[in-house]
Amino acid sequence: LSSPAVVFFEVEILDAKTKDKLCFLDKICFLFVSDPQWYPARQSIRLDPKGKSLKDEDVLQHLPVGTTATFYFRDLGAQISWVTVFLTEYTGPLVIYLLFYFRVPFIYPPKYDFTTSKHWVVHLACMCHSFHYVKRLLETLFVHRFSHGTMPLRNIFKNCTYYWGFAAWMAYYINHPLYTPPIYGEQQIRIALIIFLFCQIGNFSIHIALRNLRPPGSKTRKIPYPTKNPFTWIFLLVSCPNYTYELGSWLGFTLMTQCLPVAFFTLVGFIQMTVWAKGKHRSYLKEFRDYPPLRSPILPFIL
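Numbering-wise, my numbering puts 533 at position 61 of the sequence shown, and it's gapless, one number per residue.
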């Protein structure tokens, strides 16, 4: 095993008693401990080379194997924790946006260095944008419970390019000295603020509801249902209402700023969240036979 290619090995099951007690990470992965670069998080063990990775908690007794089983090992590459990923992704937009808001030198013409905008919507937009990402950071630290502890290290560069790049693009135009406020003025801004705050509270409520479904240190999966919190009643019609509320937040921010880069970010985010929501919805349908049939992935009765 000197090179991290795909390898396979056989495990002979001696008797039912041994079979009942044999778990993967505890009993099989010790074969790779001799090479410290293949720590457990980067190991994938499968029954089929093109199949899905077996879970850490899987037991041989519950798998379709005979007296001799062949397992395939694949190196997943360097891994990084999801907490680190989220903290990195969300800290960037927060800091980058503030650099444009305070108009630090070398962004706009020198005469505008460290000046403030004359439009109050620019200040409101900064508060909303900062609130959104501070909320995300706090949720990462104190709310979210991850079913998967790590992700490939290479993905963080792609994710940060997406979040940081869009944050800079949006902030450049919203805080630009020549920025003009929305065409319908204060009425448009107030309606947009209400939409934004409503969806931010809804998104937080869904994250709390999902957190309460999974005990600490557990990977248990359950069907999410509405709670006494009215913001969770959308679970009656949507499988992933956290994405629904996220979309609503950015629609509100788009309406508030009337800025084309924000609208484009909202569109791209909606497309990506739809892909995630459809995947989650299919997983629910596959895993739970009694899953509510009226639910849609992200938009009630539509998508």
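Heads up, the beta-carbon is just placed ideally off N, CA and C, and yes, glycines get one too.
Between the C-alpha atoms of Arg761 and Arg686 there is a straight-line separation of about 20 Å. Residue range 732-759 is occupied by the alpha helix (DSSP H) that includes Thr738.
An exposed status is given to Glu658, since fewer than 16 other beta-carbon atoms sit within 10 Å of its beta-carbon.
Closest by C-alpha distance to Phe670, out of Gly741, His753, Leu719, is Leu719. Under DSSP, Met599 shares a beta bridge with no residue. Every beta strand (DSSP E) stretch that sits fully inside the region 610-696 and reaches 3 residues is listed by chain position as 622-624. Spanning the alpha carbons of Arg662 and Met728 requires a straight line of approximately 8 Å.
Taking every protein chain shown into account, the CB of Arg767 has 16 or more other CB atoms within 10 angstroms, so this residue is buried. The beta carbon of Val734 lies closer than 7 Å to those of Met642, Phe725, Thr726 in the same chain, with the five residues before and after it left out. Take the alpha-carbon of Phe703 and the one of His679: they are about 11 Å apart. The shortest C-alpha to C-alpha distance from Ile695 to any of Tyr562, Leu570, Pro765 is the one to Pro765. Trp554 is a Cβ neighbour of Phe618, given a cutoff of 8 Å. Sixteen is the threshold: when 16 or more other Cβ atoms of the shown chains lie within 10 Å of the Cβ of Phe707, as they do, the residue is buried.
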